[in-house]
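Only one structure is covered here, and it is reproduced in the block below.
2 protein chains.
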Amino acid sequence: MQSPARERLLLGPGPSNVPERVRQAAAAPLLGHLDPAFLAVLDEVAERLRRLFGTGNPLTLPLSATGSAGMEACLVNLLEAGDDAVIGVAGVFGERMCEVASRAGARVTRVETPPGTALEPDAMAQAIERVRPKVVSFVHAETSTGVQQPVAEIAQAARAHGALTVLDCVTSLGGLPVRLDDWGIDAAYSATQKCLSVAPGLAPVSFSPRAVERVGVRATPVQSWFLDLSLLGGYYGGDRVYHHTAPISAIFGLAEGLRMVEEEGMDARAARHREAAAALVDGLAPLGFAPLVEASIRLPMLTSVKLPNSLQGAPEANLRRRLLDAHGIEVGGGLGKLAGKIWRIGLMGENARTAHVERLLTALRAELQPA
Amino acid sequence: MQSPARERLLLGPGPSNVPERVRQAAAAPLLGHLDPAFLAVLDEVAERLRRLFGTGNPLTLPLSATGSAGMEACLVNLLEAGDDAVIGVAGVFGERMCEVASRAGARVTRVETPPGTALEPDAMAQAIERVRPKVVSFVHAETSTGVQQPVAEIAQAARAHGALTVLDCVTSLGGLPVRLDDWGIDAAYSATQKCLSVAPGLAPVSFSPRAVERVGVRATPVQSWFLDLSLLGGYYGGDRVYHHTAPISAIFGLAEGLRMVEEEGMDARAARHREAAAALVDGLAPLGFAPLVEASIRLPMLTSVKLPNSLQGAPEANLRRRLLDAHGIEVGGGLGKLAGKIWRIGLMGENARTAHVERLLTALRAELQPA
Numbered sequence: 022m023q024s025p026a027r028e029r030l031l032l033g034p035g036p037s038n039v040p041e042r043v044r045q046a047a048a049a050p051l052l053g054h055l056d057p058a059f060l061a062v063l064d065e066v067a068e069r070l071r072r073l074f075g076t077g078n079p080l081t082l083p084l085s086a087t088g089s090a091g092m093e094a095c096l097v098n099l100l101e102a103g104d105d106a107v108i109g110v111a112g113v114f115g116e117r118m119c120e121v122a123s124r125a126g127a128r129v130t131r132v133e134t135p136p137g138t139a140l141e142p143d144a145m146a147q148a149i150e151r152v153r154p155k156v157v158s159f160v161h162a163e164t165s166t167g168v169q170q171p172v173a174e175i176a177q178a179a180r181a182h183g184a185l186t187v188l189d190c191v192t193s194l195g196g197l198p199v200r201l202d203d204w205g206i207d208a209a210y211s212a213t214q215k216c217l218s219v220a221p222g223l224a225p226v227s228f229s230p231r232a233v234e235r236v237g238v239r240a241t242p243v244q245s246w247f248l249d250l251s252l253l254g255g256y257y258g259g260d261r262v263y264h265h266t267a268p269i270s271a272i273f274g275l276a277e278g279l280r281m282v283e284e285e286g287m288d289a290r291a292a293r294h295r296e297a298a299a300a301l302v303d304g305l306a307p308l309g310f311a312p313l314v315e316a317s318i319r320l321p322m323l324t325s326v327k328l329p330n331s332l333q334g335a336p337e338a339n340l341r342r343r344l345l346d347a348h349g350i351e352v353g354g355g356l357g358k359l360a361g362k363i364w365r366i367g368l369m370g371e372n373a374r375t376a377h378v379e380r381l382l383t384a385l386r387a388e389l390q391p392a
Numbered sequence: 022m023q024s025p026a027r028e029r030l031l032l033g034p035g036p037s038n039v040p041e042r043v044r045q046a047a048a049a050p051l052l053g054h055l056d057p058a059f060l061a062v063l064d065e066v067a068e069r070l071r072r073l074f075g076t077g078n079p080l081t082l083p084l085s086a087t088g089s090a091g092m093e094a095c096l097v098n099l100l101e102a103g104d105d106a107v108i109g110v111a112g113v114f115g116e117r118m119c120e121v122a123s124r125a126g127a128r129v130t131r132v133e134t135p136p137g138t139a140l141e142p143d144a145m146a147q148a149i150e151r152v153r154p155k156v157v158s159f160v161h162a163e164t165s166t167g168v169q170q171p172v173a174e175i176a177q178a179a180r181a182h183g184a185l186t187v188l189d190c191v192t193s194l195g196g197l198p199v200r201l202d203d204w205g206i207d208a209a210y211s212a213t214q215k216c217l218s219v220a221p222g223l224a225p226v227s228f229s230p231r232a233v234e235r236v237g238v239r240a241t242p243v244q245s246w247f248l249d250l251s252l253l254g255g256y257y258g259g260d261r262v263y264h265h266t267a268p269i270s271a272i273f274g275l276a277e278g279l280r281m282v283e284e285e286g287m288d289a290r291a292a293r294h295r296e297a298a299a300a301l302v303d304g305l306a307p308l309g310f311a312p313l314v315e316a317s318i319r320l321p322m323l324t325s326v327k328l329p330n331s332l333q334g335a336p337e338a339n340l341r342r343r344l345l346d347a348h349g350i351e352v353g354g355g356l357g358k359l360a361g362k363i364w365r366i367g368l369m370g371e372n373a374r375t376a377h378v379e380r381l382l383t384a385l386r387a388e389l390q391p392a
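Chains as they are written, first to last, in the numbering used here: chain R, 22 to 392; chain V, 22 to 392.
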């Protein structure tokens, strides 16, 4: 085994560290993708994902690709060429939704808000009323800025005008309560490497019966064969018709990660994320790092902090590299317009612990003290 | 760790068993997807994949999804709406190529051959000459029938008329020699769970400079954002621009699997596959199972056998289930028109060993002896 043995504390925007227990579960001997013993694990994963997503949606499954493919699966199934979509853009991942929807041939109406702020439900509602879109899409926890967005109000406005709703839960699932059915969300996607603390590679997705129905009456085939919900449903929906070979080992790992989430309980887990984030913000203040996002809409699992002037630009990249090389700690830089200006510090899943915050603060203090 | 501990001998069309060494490599502690220590592993994987694909293509990478997504990546990048494609159909996977290409808006000309036979290079050449397609696409090792197809002749005809060539190497890579550059293949995809004996979840792909150039002059964006070669190239091509989070653990596993392939050497590995297949065919004959495919075009890693009349239909499914439950051995049934009529027995990667053939034969003899 020549793989790098070095241990990192992964405090960037994901992946987070994966506990030994989960890594060993994924290392179990393989089963075939039609083996009843594997299908039982798949059923267990679906059931646990439903509870975590807060939904009764039968079509809830771990898509065989990363979170970005989950986004694409939701949008290309629900949109046809010429359909209108209203998309909330509060950062890179809302932006990406616009790109993906455009490539599906949709007419995209963007509702934008500056980086570090949350979408205004009224602005979304006005656009929805004006455009009467087929789909309204936005991000729960915007990973590029660390902002938590209002879900229920926007979804309500969308539903009131007959639109289907798509929600990005990549960074929220497992760290914040998610309640798809209460909120009225028709399609949601997440990823395994954030607050679930499972290796990257799968995108948990869930589709409401309304969404499935809409896919069933499309005038044109879904542009992606790999992501076609009706074909995915043939395997994951219970008939177990071969579509593609499910990633057995990754699903073993996800099953174990979901067991750990439920053993802890989502309330305790959410509280743990809040506590760790509070300790981080408190500890960073004396070092000159101020939160980018105001407290009421700040994510617990991903804190973006403005860098002191002295660190902006090249110095911040050097400092991140020193943290990695000398202390084994990874933190994330800014994306897009925020590159070089902010850091994104993730305390996700198993990593949301004050001991990890202390380790980061100790390393930072050592690096920042006058020479 | 509650994941099923039961061990299966996986002798279906994939997944094959994954050696402990590979599973433990994948269970190593995580690194970030931009960590230099991880990027070194990614570089190593790309270099080993190039050698195995027989190519110098710089853009060679493990796509973050299963083999079917690899097929889709090749076709949707190289085809635009209205483009002509000539596709060789010798089974389910050639058929799937037609479906994927059609969804990309291509005009598909099918060149078909009955299940169990190989494409006629002349028939392909005639279609290519008539249609002058942008893309010619076909399967090296057709997993639904167990047929090995002629690659060099078809690729030559395609190149002679300026077409780009796409080759499915899902079942061949790691079991048969693959020589993309010698053959003149522009885009190829494979999967990890067949002759590489790595867990399913990644699709090794390789694109020639001509293919990359073609993508660069497209008139329309690639319909899939997730599979867009120019975006994938931004990360995998060396600049390491964030596109999606690479599946770190799966890539650790692939790296180890590729190390094992090279330690053995591809010649020895191919010979091992041939020997195991010969032992299988010899051993099955007295039991009434005859090869579907004539010897000259029969795959070594996947043998399809016609079932004795007494086993066709429901009895074959029952017998497969008994093999699984009582003997821990999985074999594959037929797909499509061949369902209920053939079995597909895989001796792939680490599983291509005469000891495994013996175990299967012993189990079959026990099940088939008169009560």
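Where a beta carbon is used, it is the ideal one built from N, C-alpha and C, also for glycine.
All values reported here derive from a predicted model rather than from experimental measurement.
Legend entry - Contacting positions in the region 218-229 of chain V - beta carbon closer than 7 Å to chain R: Listed by position along the chain: Ala220, Pro221 and Gly222.
Inset, instruction - Flag glycine 370 of chain R as yes if its beta-carbon sits less than 8 Å from any beta-carbon of chain V, otherwise no. - result: The beta carbon of glycine 370 of chain R does not come within 8 Å of any beta carbon belonging to chain V, so the residue lies off that interface.
Legend entry - alanine 376 of chain R versus proline 79 of chain R: straight-line alpha-carbon distance, rounded: Approximately 39 Å, taken between the alpha carbons.
Legend entry - Residue range of the unbroken beta strand (DSSP E) whose run includes alanine 111 of chain R: Following the DSSP letters along the chain, one finds alanine 111 of chain R in no beta strand (DSSP E), marked with neither H nor E.
Legend entry - Option in V:Glu285, V:Val39 and V:Cys216 with minimal Cα separation from leucine 323 of chain V: Nearest C-alpha to leucine 323 of chain V: V:Cys216.
Legend entry - Contacting residues, own chain, Cβ-Cβ under 8 Å from arginine 69 of chain V (five flanking each side not counted): Hits under 8 Å: Ala276, Leu279, Arg280, Val282 and Glu283.
Legend entry - Neighbouring residues, chain V, relative to leucine 53 of chain R (Cβ below 7 Å): For clarity, residue 53 of chain R is glycine in the given sequence; the question names leucine instead. Simply Arg29, Leu31, Gly33, Pro36 and Glu351.
Inset, instruction - Would you list, in chain order, the members of the region 250-281 of chain R that have their beta-carbon closer than 8 Å to a beta-carbon of chain V? - result: Look at the region 250-281 of chain R: the residues with a C-beta under 8 Å from a C-beta of chain V are Tyr263, His264, His265, Thr266, Ala267, Pro268, Ile269, Ser270, Ala271, Phe273, Gly274, Ala276, Glu277 and Arg280.
Legend entry - Residue ranges of each beta strand (DSSP E) within the region 62-149 of chain V, 3 or longer: Listed in chain order, the complete beta strand (DSSP E) runs (minimum 3 residues) inside the region 62-149 of chain V are 80-84, 105-110 and 128-133.
Inset, instruction - Figure out for me which residue from V:Glu65, V:Pro336 and V:Glu120 has the closest Cα to the Cα of tryptophan 364 of chain V. - result: Ranking V:Glu65, V:Pro336 and V:Glu120 by Cα distance to tryptophan 364 of chain V puts V:Pro336 first.
Inset, instruction - For chain R, find out if any of its Cβ atoms is closer than 8 Å to the Cβ of serine 325 of chain V; answer yes or no. - result: Answer no: the Cβ-Cβ gap between serine 325 of chain V and chain R never drops below 8 Å.
Inset, instruction - Give the residues of chain V in contact with glutamate 120 of chain R, contact being defined as C-beta atoms less than 9 Å apart. - result: Residues of chain V passing the Cβ test: Pro242 and Trp246.
Inset, instruction - Using a Cβ cut-off of 8 Å (strictly closer), state whether valine 39 of chain R contacts chain V. - result: The C-beta of valine 39 of chain R comes closer than 8 Å to at least one C-beta of chain V.
Inset, instruction - Could you tell me the distance, in whole angstroms, from the CA atom of glutamine 244 of chain V to the CA atom of alanine 127 of chain R? - result: Cα to Cα, the separation comes out at about 12 Å.
Legend entry - Backbone secondary structure at proline 336 of chain V - three-state DSSP: Helix, per DSSP.
Legend entry - Contiguous alpha helix (DSSP H) assignments of at least 4 residues, all confined to the region 207-253 of chain R: The region 207-253 of chain R contains these whole alpha helix (DSSP H) runs: 230-237.
Inset, instruction - Return the CA-CA distance between aspartate 249 of chain R and alanine 90 of chain V, expressed in angstroms with no decimal places. - result: For the pair aspartate 249 of chain R and alanine 90 of chain V, the Cα-to-Cα distance works out to about 12 Å.
Inset, instruction - Could you check if leucine 30 of chain V is buried or exposed, using at least 16 other CB atoms within 10 Å of its CB as the buried criterion? - result: By the neighbour-count rule (16 or more Cβ atoms within 10 Å), leucine 30 of chain V is buried.
Legend entry - Residues that threonine 87 of chain V contacts on chain R, provided the C-beta gap is smaller than 9 Å: Chain-order list of chain R residues neighbouring threonine 87 of chain V: Ser85, Ala86, Phe247, His265, Thr266, Ala267 and Pro268, by C-beta distance under 9 Å.
Inset, instruction - Output yes if chain V places a C-beta closer than 8 Å to the C-beta of aspartate 104 of chain R; else output no. - result: It does not: the Cβ of aspartate 104 of chain R has no partner Cβ on chain V nearer than 8 Å.
Inset, instruction - Grab the span of the beta strand (DSSP E) containing threonine 375 of chain V for me, first residue to last. - result: Secondary structure note for threonine 375 of chain V: it is in no beta strand (DSSP E), and the uninterrupted alpha helix (DSSP H) holding it is 375-389.
Inset, instruction - Assign glutamine 390 of chain R to one of two classes, buried (16 or more other C-beta atoms within 10 Å of its C-beta) or exposed (fewer than that). - result: Label assigned to glutamine 390 of chain R: exposed.
Inset, instruction - Could you tell me whether the region 92-102 of chain V touches the region 181-193 of chain V, using the rule of 3 or more Cβ pairs below 8 Å? - result: Yes, they touch.
Inset, instruction - Within the same chain, show all residues whose beta-carbon is closer than 6 Å to that of threonine 130 of chain V, passing over the 5 residues directly before and after it, in chain order. - result: Taking threonine 130 of chain V as the centre and dropping the five residues before and after it, the same chain places the C-beta of Val107, Ala148 and Val152 closer than 6 Å to its C-beta, in chain order.
Legend entry - Spatially closest choice to threonine 81 of chain R from R:Gly88, R:Thr87 and R:Asp64, by CA coordinates: For threonine 81 of chain R, the closest of R:Gly88, R:Thr87 and R:Asp64 by C-alpha to C-alpha distance is R:Asp64.
Legend entry - Residue interval of the beta strand (DSSP E) (run including isoleucine 363 of chain V): Here the beta strand (DSSP E) through isoleucine 363 of chain V covers 363-367.
Inset, instruction - Flag arginine 124 of chain V as yes if its beta-carbon sits less than 8 Å from any beta-carbon of chain R, otherwise no. - result: Yes, arginine 124 of chain V counts as interfacial toward chain R.
Legend entry - Residues that DSSP places opposite valine 352 of chain V in a beta bridge: According to DSSP, valine 352 of chain V bridges with V:Leu32.
Legend entry - Under 7 Å from the C-beta of glutamate 93 of chain V: neighbouring residues of chain R: Chain R residues near glutamate 93 of chain V: Ser245, Trp246 and Phe247.
Legend entry - Nearest neighbour of alanine 384 of chain V, chosen from V:Leu345, V:Ala360, V:Val156 and V:Gly77 [CA to CA]: Checking every option, the nearest Cα to that of alanine 384 of chain V belongs to V:Leu345.
Legend entry - Option in R:Ile269, R:Ile366 and R:Gly370 with minimal Cα separation from phenylalanine 59 of chain R: Taking only the C-alpha atoms, the option nearest phenylalanine 59 of chain R is R:Ile269.
Inset, instruction - Please go through the same chain and pick out, in chain order, the residues whose beta-carbon is closer than 8 Å to the beta-carbon of arginine 295 of chain V, but skip the five residues on each side of it. - result: The answer, listed in chain order, is Pro321.
Legend entry - Segments assigned alpha helix (DSSP H), at least 4 residues, entirely inside the region 159-213 of chain V: If only complete runs of 4 or more residues are kept, the region 159-213 of chain V shows the alpha helix (DSSP H) at 173-181 and 201-204, in order along the chain.
Legend entry - Under 7 Å by beta carbon: chain R residues contacting alanine 292 of chain V: Residues of chain R passing the Cβ test: none, with the nearest at roughly 25 Å.
Legend entry - Opening and closing residue of the beta strand (DSSP E) in which leucine 323 of chain V lies: Taken as a continuous stretch (DSSP letters only), the beta strand (DSSP E) holding leucine 323 of chain V covers 323-327.
Legend entry - 8 Å CB neighbourhood of proline 25 of chain R in its chain, flanking five on each side removed: At proline 25 of chain R the pLDDT is 48, less than 50, meaning the model places this residue with poor confidence; the figure from the coordinates comes in the next sentence. The answer is none, since no qualifying residue turns up.
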